[in-house]
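Number of protein chains: 2
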Amino acid sequence: MPQLRTALAQINPTVGAIEHNADLVVTMTRHAADRYAHLVVFPGAALTGHPLDDLSEQQTFVDAAERAAGSLAARLDAEGLGSIAVVVGHLSPDPNSADPNRADPNRADPDSTAANRAGAGRRSLAVLYGGRVVVQQMAHRAPADHFSIARLHGADVALALGEDVWPDSNCAVSVYRESAPGVLVVLDSQPYRRAHTDQPLERAQHRARQAGTSLVEVNLVGGQDAVVHDGASLVVGADGSLLGRAPQFSDGCLIVDLDLPVGTASVPERFAPADEEVGTHIVRRTLLSEPALPSYPGEPGSVSPALNPTAATYTALVTGLRDYARKNGFESVVLGLSGGLDSAVVAAVAIDALGADKVHGISMPSTYSSEHSRTDAAAMAEATGLNYREVPIAAMVGPFIESLGLTGLAEENVQARVRGIVLMGISNQEGHLVLATGNKSEVAVGYSTIYGDTVGGYAPLVDVPKTHVAEIARWRNAAAVEGGDRPPIPSSSIEKAPSAELRPGQQDADSLPDYALLDALLEARLERGLSGAELVAEGFPAPTVQEVLRMMRVAEWKRQQYAIGPQISEHGFVRDRRMPVTNGWRERM
Amino acid sequence: MPQLRTALAQINPTVGAIEHNADLVVTMTRHAADRYAHLVVFPGAALTGHPLDDLSEQQTFVDAAERAAGSLAARLDAEGLGSIAVVVGHLSPDPNSADPNRADPNRADPDSTAANRAGAGRRSLAVLYGGRVVVQQMAHRAPADHFSIARLHGADVALALGEDVWPDSNCAVSVYRESAPGVLVVLDSQPYRRAHTDQPLERAQHRARQAGTSLVEVNLVGGQDAVVHDGASLVVGADGSLLGRAPQFSDGCLIVDLDLPVGTASVPERFAPADEEVGTHIVRRTLLSEPALPSYPGEPGSVSPALNPTAATYTALVTGLRDYARKNGFESVVLGLSGGLDSAVVAAVAIDALGADKVHGISMPSTYSSEHSRTDAAAMAEATGLNYREVPIAAMVGPFIESLGLTGLAEENVQARVRGIVLMGISNQEGHLVLATGNKSEVAVGYSTIYGDTVGGYAPLVDVPKTHVAEIARWRNAAAVEGGDRPPIPSSSIEKAPSAELRPGQQDADSLPDYALLDALLEARLERGLSGAELVAEGFPAPTVQEVLRMMRVAEWKRQQYAIGPQISEHGFVRDRRMPVTNGWRERM
Chain A
1 MPQLRTALAQ INPTVGAIEH NADLVVTMTR HAADRYAHLV VFPGAALTGH
51 PLDDLSEQQT FVDAAERAAG SLAARLDAEG LGSIAVVVGH LSPDPNSADP
101 NRADPNRADP DSTAANRAGA GRRSLAVLYG GRVVVQQMAH RAPADHFSIA
151 RLHGADVALA LGEDVWPDSN CAVSVYRESA PGVLVVLDSQ PYRRAHTDQP
201 LERAQHRARQ AGTSLVEVNL VGGQDAVVHD GASLVVGADG SLLGRAPQFS
251 DGCLIVDLDL PVGTASVPER FAPADEEVGT HIVRRTLLSE PALPSYPGEP
301 GSVSPALNPT AATYTALVTG LRDYARKNGF ESVVLGLSGG LDSAVVAAVA
351 IDALGADKVH GISMPSTYSS EHSRTDAAAM AEATGLNYRE VPIAAMVGPF
401 IESLGLTGLA EENVQARVRG IVLMGISNQE GHLVLATGNK SEVAVGYSTI
451 YGDTVGGYAP LVDVPKTHVA EIARWRNAAA VEGGDRPPIP SSSIEKAPSA
501 ELRPGQQDAD SLPDYALLDA LLEARLERGL SGAELVAEGF PAPTVQEVLR
551 MMRVAEWKRQ QYAIGPQISE HGFVRDRRMP VTNGWRERM
Chain B
590 MPQLRTALAQ INPTVGAIEH NADLVVTMTR HAADRYAHLV VFPGAALTGH
640 PLDDLSEQQT FVDAAERAAG SLAARLDAEG LGSIAVVVGH LSPDPNSADP
690 NRADPNRADP DSTAANRAGA GRRSLAVLYG GRVVVQQMAH RAPADHFSIA
740 RLHGADVALA LGEDVWPDSN CAVSVYRESA PGVLVVLDSQ PYRRAHTDQP
790 LERAQHRARQ AGTSLVEVNL VGGQDAVVHD GASLVVGADG SLLGRAPQFS
840 DGCLIVDLDL PVGTASVPER FAPADEEVGT HIVRRTLLSE PALPSYPGEP
890 GSVSPALNPT AATYTALVTG LRDYARKNGF ESVVLGLSGG LDSAVVAAVA
940 IDALGADKVH GISMPSTYSS EHSRTDAAAM AEATGLNYRE VPIAAMVGPF
990 IESLGLTGLA EENVQARVRG IVLMGISNQE GHLVLATGNK SEVAVGYSTI
1040 YGDTVGGYAP LVDVPKTHVA EIARWRNAAA VEGGDRPPIP SSSIEKAPSA
1090 ELRPGQQDAD SLPDYALLDA LLEARLERGL SGAELVAEGF PAPTVQEVLR
1140 MMRVAEWKRQ QYAIGPQISE HGFVRDRRMP VTNGWRERM
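If you're matching them up, the sequences are chains A and B in order. If you count the first sequence from 1, position 444 lands on 444 in the numbering used here, and the numbers rise without skipping. If you count the second sequence from 1, position 192 lands on 781 in the numbering used here, and the numbers rise without skipping.
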């Protein structure tokens, strides 16, 4: 029975940095070679990073990505790694990009942007072997696009990109079921989603049973703007048994020995691909090597546990921030440390991402700041060792109020905006990335001062509702205690009633529904898409529904100017949402 | 020979405001009835507004739009307008929205957002007649979707949405050529594009000749966030002759008498649609009325001239701002009036959009402001009558510099950010919309202070390069002189060297290439998509190309936080662009 030592190379590429990403592939392949792997599988988009957005339309980029697969094959061979089959996700020129819609500059229908985005490049995969690209396969769009099976050491390895495997109909799984390969290898680029804790495994088990083969799924890891990939690459047997799983949010190489059935289909001459029809699809077979290797003692794969949703969300925030900073050349961050919950959690995330010595927390008390705000901020600094300073803002706020005669909300907002200037000034002077500390609940209903507390290049909590922020804080403190460390977040920051402290005695509850109610309503609206009437039918008070929907509509212009941050929910609040600002729609309820 | 008095009802709906938009339809139909029209054609998306973006996925909105067509038909009939055939663009539930991709919450391929966006609603058109919806037709996506021909007073009227007519292949024109209707009526929702001055007419003439019929094309007018529709609805004879054209950027009703061939195809019983196959397509015929009306003396249609590109761009800016303000409930605007070109042009646009008494220009001199800056700003106020005040910022800047010890760029940025706070403070206190005055050249290369001069809810010049801003200013002044008015923009604001005045003697030319060079390079890059190597081959100096591409990459995070404003160029800088912020791609040149 053929054996294949398979390495799941869970890497963290940077969008656009093709040469850097190729270096990662070489390093990880060398690592796999040291452990005698025969097959090394990288994630989808490993060479280009993901998501590419408009970069996939730039012809020079597409060409560079395509060329990179060839030069990488040559380089691996030159470094003595040519006898290992290396599977990588990359980008190829799309033969169908001469789309008639693209040719007509006058076309302005609602789908034209999407049509353009389908653009010049199409996601693809390649098998690099013996110094050459021996298999090329594009993301499947039309019957003419082929699926590939490579015979390696006597076993049939079927190849697919993630998007070819997950749709319910017309997918690679049904095609490969007919072709009976030994293993189905999937190059994936799935982002983390809080709601999906158990789904990737269940889905893989379902697919393995459907295809009747074992399944190797390798996923990206790491942050890229609003997306965080969580890795958790896995191997599942044909019977659905979990044979190996890589850790979440951590790059590395998982080795699994596969025992595979002998490939019995007739194969063409070595490296000369031959096509066969399977239903309306084309399967292309390529012979890399035959027969099976002499039998060797296999090692069992390791199975990392899946993190619980709170731990996973926190780790996604840490990963997102760490990679945003690192990939954009920032060594340190600065944020306003108000003593409140949001800024404390963002500081904790930043400390875990970059180290306390790289985090600068600025307390900016105004005349309305409570004593406990200052002591809570200072306590966090003391507990964690982050860089802490106090910049009282009264002397900066005064001249605006006096010059302009501001009162009420206008006066409140000046305080927040002065803080924004202070943070940006320190950033400009010292080179730190500014973190915006607003949470999803605030962003959704616009409970923030634009150009004030919204200031920043990255917003860790933009997709985390307030109630989850509190949950995360409690979990992080508990994890510290469990590990014998001091809890980073002052418990009074978690337990006290939220307040913006922009006027005497102000509390969030004066302007907003209770956060438990607000967050439940936002979840029902944004994640489940309930209408106003459906929300009321679920038991939300009609006046609250009406007011929250109004606030969301009015806040849309602010949300569109908000910093990017990691998407956590299914229907994220950064990349995925495109609502009109000018919007006369009013739901009846 | 059948005659049809046809009204081209060029209206300005608001996205989402279905009832308001229905009111516009009734008002305009009544107006057309007063002029004895038999057929009233409204634009695509007349009932819903355009573009809808994610609103088209909200089931309650789609259902409301669908219902609105029926109630509008009943209302028109109740108001005695039921004997006029009214064609409106709206939105219908998409029978294919049960997309398997939508059912799988784990799917995260690059196209999933677009797939979701294809969502619950599909653009459609309806003919309202005799109190009923007698014809319904969806935007064409599959062979099963039908095209419609209505027999009205003995003539065959073929119907299409804009997106069904403009693609080069597989379009309604080829289907209708076979069916030989008397006239092809197109409901369009084309945005204004500077480069398209002559194209809409040429394209319509081409289509009319292709279809072998006369062509009535009705377009939306007005601003909606980043989109400005320019109207210019038109009627072209089967021979390509221009029979009528509505003015650009102005709502209204153009009446054209059409002499049409007698419809000879056999038609079914009244209001009972019958399908026939034309090639692989389906044409659905519906009889509304027969035979032809008694002959009457027709009136020639009026032909409004097309504006030149500079006049059209300026008018697009005025339209965009006027509608953004009006549709969002703002009566007045505030902006920083620096004495420079950009703010002067934005002020002129605002005055033309809202009236000088609704425009508040704030001069905010610093210690580095030149004397001519203050006198130029004051001169503009004097020439136009806008509300003008001076708020010196030295007293507000000082405390930041002193508290934080800021120097260099950090000190420069504080000045811009203090101005931002002043404008937002006045806005909060007095209720004006804040206008950001940055131009496209600045936004592209990030020559701006984020949260400073970028502050604002609407940015009229975001898609207008600096050299075009100067051209617009000269044109506006010349137009004033021609009309016997005082030129609004001080000529020294146009002619002096651009400067941010954030340090002594600073000029834009110290940090940026000459604007003529920069704008040519940006145009080649953004509109024509040239690579770095292609830019150098076109004669742009390699170091300049490299530096500008670097600046654009580094500015991307700021651009994404910038206010929306009207798209003028083909590949706009607001809606259309989706570049990664974290981006390791470096072009070789």
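Even for Gly, the Cβ is constructed at its ideal location relative to N, Cα and C.
Between which two residues does the alpha helix (DSSP H) harbouring residue i extend?
i: residue 50 of chain A; result: Looking at the DSSP string, residue 50 of chain A is not in any alpha helix (DSSP H), and its letter there is neither H nor E.
i: residue 615 of chain A; result: Residue 615 of chain A lies beyond the stretch modelled for chain A, which goes from 1 to 589, so this question has no answer here.
i: residue 847 of chain B; result: No alpha helix (DSSP H) holds residue 847 of chain B; the beta strand (DSSP E) holding it covers 841-848.
i: residue 18 of chain A; result: 18-34
i: residue 1141 of chain B; result: 1131-1149
i: residue 1009 of chain B; result: 997-1019
i: residue 303 of chain A; result: Here residue 303 of chain A belongs to no alpha helix (DSSP H), and DSSP marks it neither H nor E.
i: residue 1106 of chain B; result: 1104-1115
i: residue 70 of chain A; result: 59-78
i: residue 495 of chain A; result: 491-495
i: residue 969 of chain B; result: 960-973
Look at the Cβ atom of residue i, then the Cβ atom of residue j, and state whether they are nearer than 7 Å.
i: residue 215 of chain A; j: residue 226 of chain A; result: no
i: residue 76 of chain A; j: residue 8 of chain A; result: no
i: residue 301 of chain A; j: residue 260 of chain A; result: no
i: residue 769 of chain B; j: residue 934 of chain B; result: no
i: residue 599 of chain B; j: residue 820 of chain B; result: yes
i: residue 178 of chain A; j: residue 278 of chain A; result: yes
i: residue 72 of chain A; j: residue 121 of chain A; result: no
i: residue 447 of chain A; j: residue 1040 of chain B; result: no
i: residue 1140 of chain B; j: residue 1034 of chain B; result: yes
i: residue 414 of chain A; j: residue 1094 of chain B; result: no
i: residue 602 of chain B; j: residue 638 of chain B; result: yes
i: residue 924 of chain B; j: residue 1038 of chain B; result: no
Using a Cβ-Cβ distance under 7 Å, would residue i count as near chain C?
i: residue 528 of chain A; result: Protein chains in the displayed structure are A and B, and chain C is not among them.
Along the beta strand (DSSP E) that carries residue i, what are the first and last residues, could you check?
i: residue 93 of chain A; result: 85-93
i: residue 735 of chain B; result: 735-741
i: residue 39 of chain A; result: 39-41
i: residue 390 of chain A; result: 387-390
So does residue i have its beta carbon nearer than 6 Å to some heavy atom of the ligand NAP?
i: residue 769 of chain B; result: This structure lacks the ligand NAP, and indeed carries no ligand of any kind.
Worksheet item: Would the segment 773-780 of chain B and the segment 797-809 of chain B be scored as touching if the rule is three or more Cβ pairs under 8 Å?
Response: The answer is yes - the segment 797-809 of chain B touches the segment 773-780 of chain B, with three or more Cβ pairs under 8 Å.
Worksheet entry | Cβ pair count under 8 Å reaching 3, the segment 516-532 of chain A against the segment 465-484 of chain A | With the cut-off at 8 Å, the segment 516-532 of chain A and the segment 465-484 of chain A touch.
Worksheet item: What residues from the segment 211-227 of chain A come within 7 Å of chain B, judged by C-beta to C-beta, listed N to C?
Response: Taking 7 Å as the Cβ-Cβ cut-off against chain B, the residues of the segment 211-227 of chain A that qualify are 224 and 225.
Discussion item. For the segment 980-995 of chain B, list every residue whose C-beta sits within 7 Å of some C-beta in chain A, in sequence order.
Written reply: Answer set for the segment 980-995 of chain B: 980, 984, 985, 988, 989, 992, 993 and 995.
Item to complete: Closer than 8 Å, Cβ to Cβ, to anything on chain A: give me those residues from the segment 897-915 of chain B, in chain order.
Response: Of all residues in the segment 897-915 of chain B, 912 and 913 have a Cβ within less than 8 Å of some Cβ in chain A.
Item to complete: Please name the residues in the segment 432-452 of chain A whose beta-carbon is closer than 7 Å to at least one beta-carbon of chain B, in chain order.
Response: Against chain B - using a Cβ distance shorter than 7 Å - the residues of the segment 432-452 of chain A are 451.
Item to complete: Give a yes or no on contact between the segment 27-39 of chain A and the segment 149-167 of chain A, applying the rule of three or more CB pairs nearer than 8 Å.
Response: Segments in contact, yes.
Worksheet entry | Selection of the segment 771-788 of chain B by Cβ proximity to chain A, strictly under 8 Å | Cβ contacts with chain A: 778, 779, 780, 782, 784, 785 and 788.
Worksheet item: So, do the segment 615-622 of chain B and the segment 657-675 of chain B have three or more beta carbon pairs nearer to each other than 8 Å?
Response: Touching, yes.
Worksheet item: In chain order, what residues of the segment 934-968 of chain B put their CB closer than 7 Å to some CB of chain A?
Response: Those residues of the segment 934-968 of chain B that come within reach of chain A (Cβ to Cβ, closer than 7 Å) do not exist; the list is empty.
Item to complete: Closer than 7 Å, Cβ to Cβ, to anything on chain A: give me those residues from the segment 1069-1099 of chain B, in chain order.
Response: Per Cβ criterion, the list is empty.
Worksheet item: Counting Cβ pairs closer than 8 Å, one from the segment 1036-1054 of chain B and one from the segment 905-918 of chain B, do we hit at least three?
Response: Result yes; three or more Cβ-Cβ pairs closer than 8 Å.
Discussion item. Under 8 Å: do the segment 910-928 of chain B and the segment 937-947 of chain B share three or more Cβ pairs, one atom per stretch?
Written reply: Touching, yes.
Discussion item. What are the residues in the segment 541-573 of chain A lying within 8 Å of chain B by C-beta distance?
Written reply: The residues in question are 557, 560, 561, 562, 563, 564 and 570.
Item to complete: Take every Cβ of the segment 526-537 of chain A, pair it with every Cβ of the segment 1116-1129 of chain B, and state whether three or more of those distances are shorter than 8 Å.
Response: With a cut-off of 8 Å, the segment 1116-1129 of chain B and the segment 526-537 of chain A do not count as touching, because too few Cβ pairs lie within range.
Item to complete: Below 9 Å between beta carbons is the criterion; list the residues of the segment 404-428 of chain A that meet it against any residue of chain B, in chain order.
Response: Residues 404, 405, 406, 407, 408, 409, 410, 411, 412, 413, 414, 417, 418, 420, 421, 422, 424, 425, 426, 427 and 428.
Discussion item. Within 8 Å, do at least three Cβ pairs link the segment 452-459 of chain A to the segment 561-577 of chain A?
Written reply: Result yes; three or more Cβ-Cβ pairs closer than 8 Å.
Item to complete: Run through the segment 864-922 of chain B for me and flag every whole beta strand (DSSP E) of 3 or more residues, listed as ranges in chain order.
Response: With a minimum length of 3 residues, the continuous beta strand (DSSP E) runs that stay inside the segment 864-922 of chain B are 870-876.
Item to complete: Count the CB pairs spanning the segment 422-437 of chain A and the segment 993-1012 of chain B that are closer than 8 Å, and state whether there are at least three.
Response: These segments touch.
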